[in-house]
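Residue numbers (the working numbering): 11 to 153.
Ideal Cβ positions, reconstructed from N, Cα and C, are used throughout, including at glycine.
Below is one structure, written out as structure tokens; comments come after it.
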């Protein structure tokens with residue numbers, strides 16, 4: 011009878027050791043999953059920040075369709091060769107129309123906040139139409 015009790019105790023001890031090992035493995039897997047979850051969360055936040063930066067970069071090249079259509083019409087049928095913009099004008103900004111004062115002199119009009127925000131949005135670039143044109147020489151790579 012003592013030998014049977016001793017054998018039963020050994021079986022319980024072996025069973026408890028197996029349960030302990032299973033719990034340790036489960037704990038290890040849970041910790042790995044938590045670490046992977048935190049890493050994915052950090053990666054997600056980083057990708058979201060990069061997406062915002064990319065959206066801001068892309069927004070520089072967008073304008074509304076009315077402005078883009080007007081520029082396309084000007085390029086298709088110019089009345090005279092287009093003059094190059096003055097170096098002081100930044101790319102993507104709309105020139106300010108002169109305003110006549112009472113004495114007859116013309117001064118540039120200050121842009122409104124809305125006009126400045128539209129200028130920051132940029133313009134939409136359609137690469138599907140046309141071929142080479144007169145402006146291509148300005149964008150060639152030089153050695």
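First through last residue of the alpha helix (DSSP H) which encompasses residue i
i: residue 145; result: First-last for residue 145: undefined, no H or E at that position.
i: residue 36; result: 12-69
Inter-residue CB distance, residue i and residue j (contact presumed, cutoff 8 Å)
i: residue 61; j: residue 131; result: The pair is not a contact, with the Cβ atoms about 17 Å apart (cut-off 8 Å).
Three-state secondary structure assigned by DSSP to residue i
i: residue 126; result: helix
Nearest candidate by alpha-carbon position, reference residue i, set the options
i: residue 71; options: 137, 142, 146, 46; result: 137
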